[in-house]
Amino acid sequence: MYSFGHDGMASSSSGDIYERTLAVFERDEYRHEPLTTPEVAEALDANRRAVYERLQRLVDRGELATKETGSHSRIWWRPPEASDVDGAERTLRRQSRAMESVIDGIAVVDEGGGFVYVNETHADVYGYDDPEALLGEHWHLCYDESEIDRFEAEILPTLYDEGSWRGETFGLRADGTTFPQELSLTVSDDGGIICVVRDITERKAQERQLRDARRFNEELVENAPFGMYRLDEDLRITYENPRAEEIIGLPEEKDSSDAMGMDIRKLPPIIETGQAGIFSRLQEGETIEFDFPFESIYGKEAYFTGRAVPLYRDGEFDGAILMATDISERRQYERKLERQREQLAALDELNGVVRGITEAVIEQSTREEIERVVCDRLAAADSYRFAWFGAADAGPELETRAAAGVDGGLGDRSIATDPNEMTGQGPIRRAVRTREMQITRNALDDATSQKLREAARESGYRSLAVIPVVHQGMFYGVLGVCSERPDAFAEEERAVIGQLGDVIGHAIAAVDRKRALMSNEVVELTIRMPRLLDGQLPDSTDGTITIDRVTPVGDDEYLMYGTATGDAMGTIHTLGECRSEWKEVRTFDEREDEVRFEQRLSNPPMTSIVADYGGNFKRGRIEDGVYSATIQFPPGTDVRRVVARIRETYLDVRVVSRRQVVREDPSSQHILSVLAEDLTERQRTALEAGYFGGFFEWPRHRSGEAVADSLDIGASTFHQHVRKAEKKLLDVVFAEL
Numbered sequence: 001m002y003s004f005g006h007d008g009m010a011s012s013s014s015g016d017i018y019e020r021t022l023a024v025f026e027r028d029e030y031r032h033e034p035l036t037t038p039e040v041a042e043a044l045d046a047n048r049r050a051v052y053e054r055l056q057r058l059v060d061r062g063e064l065a066t067k068e069t070g071s072h073s074r075i076w077w078r079p080p081e082a083s084d085v086d087g088a089e090r091t092l093r094r095q096s097r098a099m100e101s102v103i104d105g106i107a108v109v110d111e112g113g114g115f116v117y118v119n120e121t122h123a124d125v126y127g128y129d130d131p132e133a134l135l136g137e138h139w140h141l142c143y144d145e146s147e148i149d150r151f152e153a154e155i156l157p158t159l160y161d162e163g164s165w166r167g168e169t170f171g172l173r174a175d176g177t178t179f180p181q182e183l184s185l186t187v188s189d190d191g192g193i194i195c196v197v198r199d200i201t202e203r204k205a206q207e208r209q210l211r212d213a214r215r216f217n218e219e220l221v222e223n224a225p226f227g228m229y230r231l232d233e234d235l236r237i238t239y240e241n242p243r244a245e246e247i248i249g250l251p252e253e254k255d256s257s258d259a260m261g262m263d264i265r266k267l268p269p270i271i272e273t274g275q276a277g278i279f280s281r282l283q284e285g286e287t288i289e290f291d292f293p294f295e296s297i298y299g300k301e302a303y304f305t306g307r308a309v310p311l312y313r314d315g316e317f318d319g320a321i322l323m324a325t326d327i328s329e330r331r332q333y334e335r336k337l338e339r340q341r342e343q344l345a346a347l348d349e350l351n352g353v354v355r356g357i358t359e360a361v362i363e364q365s366t367r368e369e370i371e372r373v374v375c376d377r378l379a380a381a382d383s384y385r386f387a388w389f390g391a392a393d394a395g396p397e398l399e400t401r402a403a404a405g406v407d408g409g410l411g412d413r414s415i416a417t418d419p420n421e422m423t424g425q426g427p428i429r430r431a432v433r434t435r436e437m438q439i440t441r442n443a444l445d446d447a448t449s450q451k452l453r454e455a456a457r458e459s460g461y462r463s464l465a466v467i468p469v470v471h472q473g474m475f476y477g478v479l480g481v482c483s484e485r486p487d488a489f490a491e492e493e494r495a496v497i498g499q500l501g502d503v504i505g506h507a508i509a510a511v512d513r514k515r516a517l518m519s520n521e522v523v524e525l526t527i528r529m530p531r532l533l534d535g536q537l538p539d540s541t542d543g544t545i546t547i548d549r550v551t552p553v554g555d556d557e558y559l560m561y562g563t564a565t566g567d568a569m570g571t572i573h574t575l576g577e578c579r580s581e582w583k584e585v586r587t588f589d590e591r592e593d594e595v596r597f598e599q600r601l602s603n604p605p606m607t608s609i610v611a612d613y614g615g616n617f618k619r620g621r622i623e624d625g626v627y628s629a630t631i632q633f634p635p636g637t638d639v640r641r642v643v644a645r646i647r648e649t650y651l652d653v654r655v656v657s658r659r660q661v662v663r664e665d666p667s668s669q670h671i672l673s674v675l676a677e678d679l680t681e682r683q684r685t686a687l688e689a690g691y692f693g694g695f696f697e698w699p700r701h702r703s704g705e706a707v708a709d710s711l712d713i714g715a716s717t718f719h720q721h722v723r724k725a726e727k728k729l730l731d732v733v734f735a736e737l
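Using UniProt numbering, read the sequence shown as starting at 1 and increasing by one per residue.
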C-alpha cells in the first residue's frame, strides 16, 4: 500500500537493521531463549554499544523484553505475543516502522481530508510534538488560506487527474509561521492521499545565497570600471561587459560588437599593434600583460593596459578572462605633467623676478620709485608683455601712474571705474571691489569686459593678472601684469606672482610712514562731526572722552587708547553696543575723576582711510555727542581727497582747520629715524601699546601679560619686542650725549 514518493524521499534502511536484529531471536538455536548483549552482537557481527541501543529501541516498541541479571548485565528475549504475529501483520509493522524512521514527513489523509496516519517527522515538520495531535484533523490545518486556495484550484485537480503530484508549497507551522516545503502526493487505492513532505528552508536559503552570489558576480562584471572579455578555447570573444563596449566605442544602435565570435588575434586593430602573438601564450597556460595604443573597429582611439588569465576545466584549457583598462586619460595626464614641468622652468624665472622686486622695493625711498621698479622688472621678464600700476588715491578712479613694456594704451590713460561700473564683472573692477587677485586666461574671449577685449587686441596680450596692493587693510591700488601666453597664470604661477601685492603694499606703507616721521613738516587736519553719533547716544551726554592714540595691530584691527571722565564710561559702552567696529573695551588706571581705557576697533572706516594715506591720529575728543579729531599726514598729501573719502562714509564732516605744522625740535630727528627705519612693525606696535596702555607707568597700570593679550601675542614675545625697541632707542639717545 505505501509507496513513499519519488527519488527515494522515504527510506527503510534503518528498518532493515531492526529486522535483522529480531531475526536473531527467531533462529532455531535461540528460539524462546533469552540472549545477552554480547551474544546478539556476536550473531550480528556488530559493535556491542550499537547493538545495545538497537535492542533498547526494540524494547520500547514492544518487540522485545529485557531484564537485569546483575549490576552490569542484562538479558533480552522475544515475548510470545510478539512471536505469534503472522506474516501480513509483521509486514505491516515493518512498513510502519519504516515510515517512522525515515527523514521525510509521511502522512495519510482519508477521502474526507482527515489525517489517519502521521509519522513523527511529519508532525515535527509542522511544529507538533506528538503525531497524535494531527490525527483526525483536516489537512487544512497545515496551510494558510492562500495556499489552501492554490490546492483547491491547481494541485488537487491535477492530483486526481494524474494520480500523483509533486512540487513546492508553503506549509503552516503550529506557531503560525510559514516555511517552504517539497511535497509529494499520491492517491491510494482506497481514495485517500499519501503525503510525503520535506522542509526545504535551508535548501532555499542556500539557493538564495547562490543566486545572490551569482547576481553579485554578474553585477560586478557588468559594472566593473574596466573592460572584461571572455575568450573560449580558440581565443574567440564570447562575452564583453558594458565597459568594454564603451572602450571600443560600440554605437548605440548595436546590441553587441561585431568582434563577438572572432579570434582576438585576428582583429585588425590587434594585428596593427603587432601584439597578436602575446595572446597565443594564453593557450600555453601563461598569464599575460599588455600595454599598447589601440584603435577599435569603430574608430575610437584608446590606450589599453591590462592582463589576461587562462581558465581550465578538468585540467584542459577552457579559454581566458581578459581585463583591459583605457588609460587614455592617464596618458593625457602624464603629458600634462610634462607640460607642467616645462612651466616649472618658467616659474623659476618668475621666482627670481619676484625676489629681485622684493629686494629692489626695499631700497626705494618714494612710492613712485617703487611703482616704477616693479613695472620695469616685470616687463623685462620673458614671460610677460607689460605691467602697469593703477593707484587708488581717492574716489572710484584708478590712475595709471607707472607702466613698462607698452607704448600708449594703459600706460597713457586712466582706467575709469565709476560707481555703476564697480558692480561689473571685469577683472579690474572685481579686484578693486573684492581686494582679491583676478585672473583672465583668455582676454580675447572674456565676456565680462568689452574694454578688456579691446585692450587685448590693441596691446597684443592674451592673459591678465590683476593683483590688489594691500597692507593691513590699506588699499593702495592694483598691479596689472599681462602676458602674450594664452592660459598663463596657472595655479602655481598665481601663488608666486600674487605675493607681489603684499610685498608692494608693505614697501609703500613703510615709505609713507618714514616720510611722515622724518619730515620737519606735516599737514595737520582738524575735523568735526556733530552728527557722528546721532541716534546712538542720549540727546545730552555727560563727561568727555579723549583719544590719545590709535595703533594698528594687523588684520584691519586697531587698539585705541584714551581717557574718559568717570561719567563718560557709559558712553563708551553704549558705542560698543551700537557701532559694529567698536569691539571689547578694557579699563585701567581708574581714578576718582577719570579712567584710562583701551578699545579694540575692527576695520573702522575713518581709521582705515587715514591709514591708507599714511596719516595718524594726533588726538581726538568726544564731548556733548560731537566728535572732533586732529590728524597728521605726510607733506604733499591731497587732503581734499582724504576728506572726500571720509565723506563717502560720514556725510556731516566739517573741516575746522588745515595747516602746515613745523616740528619744533630738530634734535628729535635721530629718534624719529629709528622709529621709521630701524624698528620693525611688531616692535613699534609693542612699544606703542605698552606706552599708551600703561605698561611703562610706575607703578604699572597694566602688566606685560595684559598688553600682550590685547595684541594677541605671548607675554614673552611682547617683552622681546619691547626690549629690542628700547635698545635701539637708547643707542641713539646715548650716542647724542
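Cβ atoms here follow ideal geometry from the backbone N, Cα and C, with glycine treated the same way.
Source: prediction; values computed, not measured.
Query raised in the report: Is the distance from the Cβ of S365 to the Cβ of R528 below 8 Å?
Result: For the purposes of this step, residue 365 is identified with residue 365 of the sequence shown, where counting begins at 1. For the purposes of this step, residue 528 is identified with residue 528 of the sequence shown, where counting begins at 1. No. Outside cutoff.
Report task. Tell me, please, which residues DSSP counts as bridged to C195. Result -> Taking the first residue of the sequence shown as 1, we reach residue 195 at position 195. Looking at the DSSP assignment, C195 forms a beta bridge with A107 and L185.
Report task. Sort out for me which residues DSSP pairs W77 with in a bridge. Result -> Sequence index remark: in the sequence shown, residue 77 carries index 77 (1-based). W77 is bridged to A65.
Query raised in the report: When the Cα atoms are used, what is the spatial distance from Q283 to A308?
Result: Position 283 of the sequence shown holds residue 283. Position 308 of the sequence shown holds residue 308. For Q283 and A308, the distance between alpha carbons rounds to 11 Å.
Query raised in the report: Which partner residues of P293 appear in the DSSP bridge assignment?
Result: The residue labelled residue 293 in the question sits at position 293 within the sequence shown. According to DSSP, P293 bridges with Y303.
Query raised in the report: Do the segment 211–219 and the segment 270–289 make contact, defined as three or more Cβ pairs closer than 8 Å?
Result: no
Query raised in the report: Pick from W77, T607, G498 and E623: whose alpha carbon is nearest that of R645?
Result: For this step, residue 645 is matched to residue 645 along the sequence shown. Taking only the C-alpha atoms, the option nearest R645 is T607.
Query raised in the report: DSSP three-state call for L231: helix, strand or coil?
Result: As a working mapping, residue 231 is identified with position 231 in the sequence shown. Looking at L231 - three-state DSSP - the assignment turns out to be strand.
**Report entry** Identity of the residue in A611, R215 and E207 nearest G505 by Cα
**Finding:** In the sequence shown, counting from the first residue as 1, residue 505 sits at position 505. Checked all of A611, R215 and E207; the closest Cα to G505 is A611.
Query raised in the report: Which runs of the alpha helix (DSSP H) fall wholly inside the segment 544–598 and span at least 4 residues, in chain order?
Result: 569–578
Query raised in the report: Within this structure, are the beta carbons of L183 and C142 separated by less than 8 Å?
Result: Here residue 183 refers to the residue found at position 183 when the sequence shown is read from its first residue. Here residue 142 refers to the residue found at position 142 when the sequence shown is read from its first residue. No, the pair does not count as a contact, with Cβ atoms beyond the cut-off.
Report task. Would you identify the three-state DSSP class for A324, choosing helix, strand or coil? Result -> Position 324 of the sequence shown holds residue 324. Strand at A324.
Query raised in the report: How many whole angstroms separate the CB atoms of Y128 and A174, which I take to be in contact at a CB cut-off of 8 Å?
Result: The count along the sequence shown starts at 1 and reaches residue 128 at position 128. The count along the sequence shown starts at 1 and reaches residue 174 at position 174. Their Cβ separation, rounded to whole angstroms, is 5 Å, which keeps Y128 and A174 in contact under 8 Å.
Query raised in the report: Once you ignore the five residues that flank G105 on each side, which residues in its own chain have a CB closer than 6 Å to its CB?
Result: Here the question's residue 105 lines up with position 105 in the sequence shown. T121, H122, V125 and V197, listed in sequence order.
Query - Straight-line gap, D567 to Y650 (C-alpha atoms, nearest Å) - result: The count along the sequence shown starts at 1 and reaches residue 567 at position 567. The count along the sequence shown starts at 1 and reaches residue 650 at position 650. Their Cα atoms are separated by approximately 27 Å.
Report task. Count the CB pairs spanning the segment 340–359 and the segment 484–500 that are closer than 8 Å, and state whether there are at least three. Result -> yes
Query raised in the report: Ends of the beta strand (DSSP E) at P251?
Result: One-based indexing of the sequence shown puts residue 251 at position 251. Run containing P251: none; DSSP gives neither H nor E here.
Requested in this report: Examine the Cβ distances between the segment 365–380 and the segment 330–341 and report whether three or more of them are shorter than 8 Å.
Outcome: no
Query raised in the report: How is F489 classed by DSSP in three states: helix, strand or coil?
Result: Translated into the one-based positions of the sequence shown, residue 489 becomes position 489. Residue state, collapsed to three classes: coil.
**Report entry** Per-residue burial, Y18 [other beta carbons within 10 Å of its own, 16 or more giving buried]
**Finding:** One-based indexing of the sequence shown puts residue 18 at position 18. Its Cβ being crowded by 16 or more others within 10 Å, Y18 is buried.
Query - Beta-carbon proximity list for A46, same chain, < 6 Å, skipping 5 on both sides - result: Sequence index remark: in the sequence shown, residue 46 carries index 46 (1-based). So the list is empty, once near-sequence residues are dropped.
Query raised in the report: Tell me which same chain residues have a C-beta within less than 8 Å of the C-beta of Q56, skipping the five on either side of it?
Result: Stepping through the sequence shown from its first residue, residue 56 is reached at position 56. Once the five neighbours on either side are set aside, the close Cβ partners of Q56 are T66.
Query raised in the report: In terms of DSSP beta bridges, what is S280 paired with?
Result: Translated into the one-based positions of the sequence shown, residue 280 becomes position 280. Partner(s): none; S280 has no beta bridge.
Requested in this report: Write down every uninterrupted run of the alpha helix (DSSP H) in the segment 21–53 whose length is 4 residues or greater and which is fully enclosed by it, in chain order.
Outcome: 37–44
Query raised in the report: From F718 to M569, what does the alpha carbon distance come to, in whole angstroms?
Result: Within the sequence shown, residue 718 is the residue found at index 718, counting from 1. Within the sequence shown, residue 569 is the residue found at index 569, counting from 1. So the two alpha carbons sit approximately 28 Å from each other.
**Report entry** Residue nearest to F170 in terms of C-alpha spacing, selected from E145, D709 and E33
**Finding:** One-based indexing of the sequence shown puts residue 170 at position 170. Of the candidates E145, D709 and E33, the one whose C-alpha sits nearest the C-alpha of F170 is E145.
Report task. Taking all protein chains shown into account, decide if Y312 is buried (16 or more other Cβ within 10 angstroms of its Cβ) or exposed. Result -> Mapped onto the sequence shown, residue 312 falls at position 312. Counting Cβ neighbours within 10 Å, Y312 comes out exposed, since fewer than 16 surround it.
Query raised in the report: Can you check whether the CB of I271 is closer than 8 Å to the CB of I264?
Result: Position 264 of the sequence shown holds residue 264. Position 271 of the sequence shown holds residue 271. No, the pair does not count as a contact, with Cβ atoms beyond the cut-off.
Requested in this report: Could you check if N241 is buried or exposed, using at least 16 other CB atoms within 10 Å of its CB as the buried criterion?
Outcome: Position 241 of the sequence shown, counted from the start, is the residue given in the question as residue 241. Per the 10 Å Cβ criterion, buried.
Report task. Check whether the Cβ atoms of G405 and E399 sit closer than 8 Å, and answer yes or no. Result -> Locating residue 405 in the sequence shown gives position 405, where the first residue counts as 1. Locating residue 399 in the sequence shown gives position 399, where the first residue counts as 1. No, the pair does not count as a contact, with Cβ atoms beyond the cut-off.
Query raised in the report: For L344, is the classification buried or exposed, using 16 other Cβ atoms within 10 angstroms of its Cβ as the cut-off for buried?
Result: Your numbering for residue 344 matches position 344 in the sequence shown. Burial call: exposed.
Report task. Could you spell out where the beta strand (DSSP E) holding E154 opens and where it closes? Result -> Numbered from 1 along the sequence shown, position 154 holds the residue referred to as residue 154. It is not in any beta strand (DSSP E) - E154 carries neither H nor E in the DSSP assignment.
Report task. Can you have a look at N223 and say buried or exposed, based on whether 16 or more other CB atoms are within 10 angstroms of its CB? Result -> To locate residue 223, count along the sequence shown from 1; it is residue 223. Exposed, because fewer than 16 other Cβ atoms sit within 10 Å of the Cβ of N223.
Query - Separation of E436 from D382, as counted between CA atoms - result: As a first step, residue 382 is located in the sequence shown; it is residue number 382 there, counting from the start. As a first step, residue 436 is located in the sequence shown; it is residue number 436 there, counting from the start. So the two alpha carbons sit approximately 25 Å from each other.
**Report entry** Pairwise C-alpha distance: N119 and F165
**Finding:** Taking the first residue of the sequence shown as 1, we reach residue 165 at position 165. Taking the first residue of the sequence shown as 1, we reach residue 119 at position 119. Strictly speaking, residue 165 in this sequence is Trp, with Phe absent from that position. Taking the straight line joining both Cα atoms gives about 20 Å.
Report task. For T238, count neighbouring Cβ atoms within 10 angstroms of its own Cβ and tell me buried if that reaches 16, exposed if not. Result -> For the purposes of this step, residue 238 is identified with residue 238 of the sequence shown, where counting begins at 1. Label assigned to T238: exposed.
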